[in-house]
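Here's the structure, in structure tokens; my notes come after.
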Amino acid sequence: IKEAQSLDFSAGRIYFDADTHFNYNFGADDFTVETWVDCRSTNGMAVFNQSDSNAGSNSSFILWVSGGIIGFYTTNSTGWTHNIEPGINIANTGWRHIAATRKGNTMYMFIDGKQVGSLDMSGVTIASSTRDLEIGAQTNAGRFTGSIADSRISSIARSITTDDGSEIFPVPNKPYEMDD
């Protein structure tokens, strides 16, 4: 049950700040950012974040909810320059698995294992950042209201290409193991 394994960010009072780590600097390499969320607000708020507000400087990526709509945003210098905004409202819809992955020259976004957007990333290098990784906030603002569970950042693309060439994402049904 997700409720027993999650961090509750109700009323946006807390957030988690992790030290900077080389795996968060994606560059032009494959990666995956994934988490379970139970979003209980439509306010502008961060789920995963390594940026300052508006990607002004020293920013890399953010998984952001605005108006209940989830999006994944990256930058190659300043400003959010390479974004996937599928227009899907996740507020007050219960637990949802969200994933963003870069596989070769394409970035994909998935909700509950289904591809909801893609973006050509040919020639794009996502900016490196020395900022800490934040879960549930953006620079002590944009605080998430709801619960976040089983979050993972990987230096590999975890989506699967099907026989027809489309992408799907294997939604985990148990907590991650260290070698998953």
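Heads up: the sequence shown runs through residues 1 to 180, numbered per this note's numbering.
The beta-carbon is built from N, C-alpha and C at its ideal position, and this holds for glycine as well.
Note that the coordinates shown come from a computational prediction; the quantities given were computed from them, not determined experimentally.
Closest option to Pro170, judged by alpha-carbon separation, among Thr101, Asn105, Ala149: Thr101. C-alpha of Gly117 to C-alpha of Gly87: approximately 9 Å in a straight line. The alpha-carbon of Ser128 is positioned some 16 Å away from that of Val33. Secondary structure in the region 97-142: the beta strand (DSSP E) runs of 3 residues or longer, each lying completely within the stretch, are 106-111, 114-120, 133-135 in chain order.
Only residues of its own chain outside the window of five on either side were considered, and among them His82, Val124, Thr125, Ile126, Ala127 have a CB closer than 8 Å to the CB of Asn76, listed in chain order. The beta carbon of Ser60 is closer than 8 Å to those of Tyr24, Asn25, Phe26, Gln50, Ser51, Thr74, Thr75, Ile126, Ala127, Ser128, Ser129, Arg131 in its chain, skipping five residues each way along the sequence. By the criterion of a C-beta distance shorter than 6 Å, Gly142 is surrounded in its chain by Gly44, Met45, Ala46, once the five residues flanking it on both sides are discounted. Take Pro172, set aside five residues on each side of it, and the residues of its chain with a beta-carbon closer than 7 Å to its own are Asp150, in chain order. Between Leu119 and Ile69, the CB-CB gap reaches or exceeds 8 Å. Taken in chain order, the complete beta strand (DSSP E) segments of 3 residues or longer contained in the region 43-100 are 45-50, 61-66, 69-74, 82-84. Residue burial annotation: Thr145 is buried, with at least 16 other C-beta atoms found within 10 angstroms of its C-beta.
By DSSP's assignment, Ala149 forms a beta bridge with Trp36.
Sorting Ile90, Asn58, Leu63 by C-alpha distance to the C-alpha of Ser41 places Ile90 at the top.
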